[in-house]
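S.K.:
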Ligand SMILES: NC(=O)c1ccc[n+]([C@@H]2O[C@H](COP(=O)([O-])OP(=O)(O)OC[C@H]3O[C@@H](n4cnc5c(N)ncnc54)[C@H](OP(=O)(O)O)[C@@H]3O)[C@@H](O)[C@H]2O)c1
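Residue numbers (my numbering): 2 to 311.
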């Protein structure tokens, strides 16, 4: 079977992705970082920043063309041999599992897992994947659940492993316990599903650390605030609305370069606690009901049943 890692992946084609070595055959001290949604917006900004720092970066996204464009940028930086692109549609549980298996096969450890993949095109249609999950629920929540738990043992091989789940802690909304995928919502919109997904990700972070006796992997829920990315400024098709959002984001949004700074700092100096949540540089209190441990456990159990059925 051909490697799912892109043709731009020099390491995999040479078969030495497991151990980064210098020309003298000595181990190279660089971090290995996996970024979902690393071909656009915040994920891409982070991926390029880590490459500039000398780290090696595995980028996952669904578009081969964007992967090729990213590899081209990495080449311009002289970092192509530290760049790995893995094409996967993360809305599918089976694709997430394939990513986990491939990463485990090719890399001995992971220092940082950054979860940024998101589809922000506005839609009023409730659409399920072929596995029977609502698309937004599948990408924004299930994928992050599968990758967080699936890559945990690989992260634990690193000295100070961290998961950064870029979502929206510190914002409002509540979990629809009877209708987790919003199938019966009065008026379904992708925006409602994203807001709901943010609450599910809050609980994912809580359950992840509560279910982990080792507590070696730190979990950071991170809300970047309003950021000028293509994902949000191109979210609406309607021309006037699109123009308005673009204008609004130009006025109140921050650039990707500005938005990624606190994440880079957290990756370098993570908080002491196993779980932390931030809105830009401000810590979000975990004492709120949204981070309730019992609810987090209920969601964890519910999710494993859902995935078991799929
Ligand atoms: N921008 C903001 O103002 C803002 C505010 C709060 C929170 N956030 C959060 O920050 C994160 C990043 O947002 P962003 O605005 O930077 O995103 P973005 O510019 O829309 O980029 C999204 C990334 O996700 C990938 N992606 C989309 N569908 C995918 C799929 N099915 N499988 C795999 N990858 C997929 C895209 O690549 P492909 O198209 O190639 O798949 C792209 O690389 C998101 O989690 C978002 O919720 C953003």
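Ideal Cβ positions, reconstructed from N, Cα and C, are used throughout, including at glycine.
#1: Can you pull the DSSP bridge partners for residue 88?
#2: With H, G and I counted as helix, E and B as strand and the rest as coil, what does DSSP make of residue 106?
#3: If you reduce the DSSP assignment to three classes, tell me which class residue 304 lands in.
#4: Is there at least one non-hydrogen atom of ligand 1 closer than 7 Å to the beta-carbon of residue 1?
#5: According to DSSP, is residue 3 part of a helix, a strand, or is it coil?
#6: How do the segment 117 to 135 and the segment 28 to 42 stand: do at least 3 beta-carbon pairs fall below 8 Å, yes or no?
#7: Which word fits residue 58, buried or exposed, when buried means at least 16 other C-beta atoms lie within 10 angstroms of its C-beta?
#8: For residue 182, which option in 210, 216, 220, 140 has the closest C-alpha, if you only look at C-alpha atoms?
#9: Is it true that the segment 147 to 159 meets the segment 93 to 109, where meeting means three or more beta-carbon pairs spaced less than 8 Å apart?
#10: Is residue 67 close to ligand 1? I mean its beta-carbon at under 7 Å from any heavy atom of the ligand.
#11: Count the other CB atoms, across all protein chains shown, that sit within 10 Å of the CB of residue 214; report buried if there are 16 or more and exposed otherwise.
#12: In chain order, what residues of the same chain have a beta carbon less than 6 Å from the beta carbon of residue 44, not counting five sequence neighbours either side?
#13: For residue 169, report the span of its beta strand (DSSP E) as first-last.
#14: Along the chain, where does the beta strand (DSSP E) that runs through residue 278 open and close?
#15: Quick check: what's the CA-CA separation for residue 168 versus residue 225?
#16: Is residue 234 helix, strand or coil by DSSP?
#17: Quick check: the Cα distance between residue 296 and residue 197, rounded to an integer number of angstroms?
#18: If you count every other CB in all the chains shown that lies within 10 Å of the CB of residue 76, and 16 or more means buried, which is it?
#19: Within 10 angstroms of the Cβ of residue 200, are there 16 or more other Cβ atoms? Answer buried if so, exposed if not.
#20: Among 47, 290, 220, 228, whose alpha-carbon lies nearest the alpha-carbon of residue 275?
#21: Any idea if residue 285 is buried or exposed, counting beta-carbon neighbours within 10 angstroms, 16 or more meaning buried?
#22: Is residue 127 helix, strand or coil by DSSP?
#23: Taking the continuous beta strand (DSSP E) assigned at residue 224, which residues delimit it?
#24: By alpha-carbon positions, which one of 107, 189, 270 ends up nearest to residue 127?
M.R.: Answer, in terms of the structure:
#1: Looking at the DSSP output, residue 88 bridges to 62.
#2: Helix, per DSSP.
#3: helix
#4: The first residue shown for the chain is 2 and the last is 311, placing residue 1 beyond what the model contains.
#5: With a pLDDT of 43 at residue 3, under the threshold of 50, the modelled position of that residue is not reliable, and the figure given next carries that caveat. In this structure, residue 3 counts as coil in the three-state DSSP scheme.
#6: yes
#7: Residue 58 should be labelled buried.
#8: 140
#9: Contact between the segment 147 to 159 and the segment 93 to 109 is established, with three or more Cβ pairs separated by less than 8 Å.
#10: yes
#11: With fewer than 16 other Cβ atoms within 10 Å, it is exposed.
#12: 36, 38, 117
#13: It is not in any beta strand (DSSP E) - residue 169 carries neither H nor E in the DSSP assignment.
#14: 276 to 280
#15: Straight-line Cα distance between these residues: approximately 8 Å.
#16: helix
#17: Here the alpha carbons of residue 197 and residue 296 stand approximately 14 Å from one another.
#18: Under the 10 Å beta carbon count, residue 76 is surrounded by fewer than 16 other beta carbons and is classified as exposed.
#19: buried
#20: 220
#21: By the 10 Å Cβ count, residue 285 comes out buried.
#22: coil
#23: Segment 219 to 224, the beta strand (DSSP E) holding residue 224.
#24: 189
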